[in-house]
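Heads up: the structure comes next, in structure tokens.
In the working numbering, the protein residues as written are 457 to 780.
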């Protein structure tokens, strides 16, 4: 036989439910709601039950109504969360550049990235530099990444480099800042907001054994000038490096253990024996790093690339004309 509790029903809510519904610390006890009641008769029992049923229904409706309203706030969109969060940029700016003035520099450097990334682990970023400003250094900062400085590029004087593209990981909705330093020391800054999340922890695209076997392989691709190109002295090339570039936040899909950080930390590229550009990189550069750039000079002259990773491995290769 089913045992029923004696006495009037009691509504017990969690502390969170009581807070959301506006209740005090006490549960809904009938005496608190109706005062002292006379000894119940069969008639008063029926009336009390009806009253309590209504109170319980109203109390639960209020509680769950408040919870439902609260859930709307809890389910805020990533855009709303990003807008409400404190910007990391002021602190990063101070840490990286101290009290130096940063000039809004969209005319000196432009940053192109997708407003919403298709793959947060491979987000294309393109930097375009004004040759008249003689830019010598570019710092690429992904504000909300665990390690915000994705890379610092040093541009050699006279290299004629005005465009540089790479691929990065984006871990959360964020501004990406590019700060260019001119030869006269002026700092120019520009930014682009990118909607992406989880890029730093995204599993590697390649099997670990294959990645280890191919690690350090390089390829250089040269592009023919466009038919409508006005500057025939400028050329374009792309350097691709096989490397897992593990961020330290990825998990082995079999053991579920974290894979230690292991990435290309230094890169130097020369053309005809003269420096072209170098890079100091971090965990935000995507797997199998790729760098597409333009340059001035004879495309028949050889390129040389030297990369060093965080485990001390050194990979280098010379590319002669027609070789990739």
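Note that the Cβ used here is the ideal one computed from N, Cα and C, for glycine as well.
Environment of residue i [buried if 16+ CB atoms lie within 10 Å]
i           : result
residue 543 : exposed
residue 563 : exposed
residue 673 : exposed
residue 634 : buried
residue 713 : exposed
residue 541 : exposed
residue 720 : buried
residue 706 : buried
Continuous alpha helix (DSSP H) stretch holding residue i: start and end
i           : result
residue 626 : Here residue 626 belongs to no alpha helix (DSSP H), and DSSP marks it neither H nor E.
residue 666 : 664-670
residue 707 : Counting along the chain, residue 707 falls outside any alpha helix (DSSP H), and DSSP gives it neither H nor E.
residue 551 : 545-553
Cutoff 6 Å; reference residue i; Cβ partners in own chain excluding five residues on either side
i           : result
residue 762 : 724, 772
residue 695 : 676, 747, 761
residue 479 : With a pLDDT of 34 at residue 479, under the threshold of 50, the predicted position of this residue should be treated as unreliable, and no value is reported.
residue 735 : 607, 609, 723
residue 558 : 643, 645
residue 740 : 598, 601, 606, 624, 625
Own chain residues within Cβ distance below 7 Å of residue i, not counting five before or after
i           : result
residue 661 : 743
residue 709 : 659
residue 756 : 777
residue 548 : 597, 599, 604
Neighbourhood of residue i by C-beta, 8 Å cutoff - its chain only, sequence neighbours within 5 removed
i           : result
residue 716 : 702, 704
residue 613 : 590, 592, 639
residue 573 : 579, 626, 650, 651, 652, 655
residue 615 : 727, 730, 731, 732, 733, 751, 752
Where the beta strand (DSSP E) through residue i begins and ends
i           : result
residue 583 : 579-585
residue 762 : 759-765
residue 647 : 643-650
residue 679 : 674-679
residue 575 : No beta strand (DSSP E) holds residue 575; DSSP gives it neither H nor E.
residue 772 : 770-775
residue 598 : 591-598
Strand pairing of residue i, partner residues [DSSP]
i           : result
residue 699 : In the DSSP output, where bridge partners are listed per residue, residue 699 has none listed.
residue 731 : 726
residue 565 : 585
residue 721 : For residue 721, which the question treats as bridged, DSSP gives no partner whatsoever.
residue 746 : 696
residue 752 : 690
So, does the region 587-594 touch the region 633-642, judging by three or more C-beta pairs under 8 Å? yes
Inter-stretch contact at 8 Å, needing at least 3 Cβ pairs: the region 549-557 / the region 566-583: no
Decide yes or no for the touch test of the region 643-653 against the region 612-628: beta carbon pairs closer than 8 Å, at least 3 of them. yes
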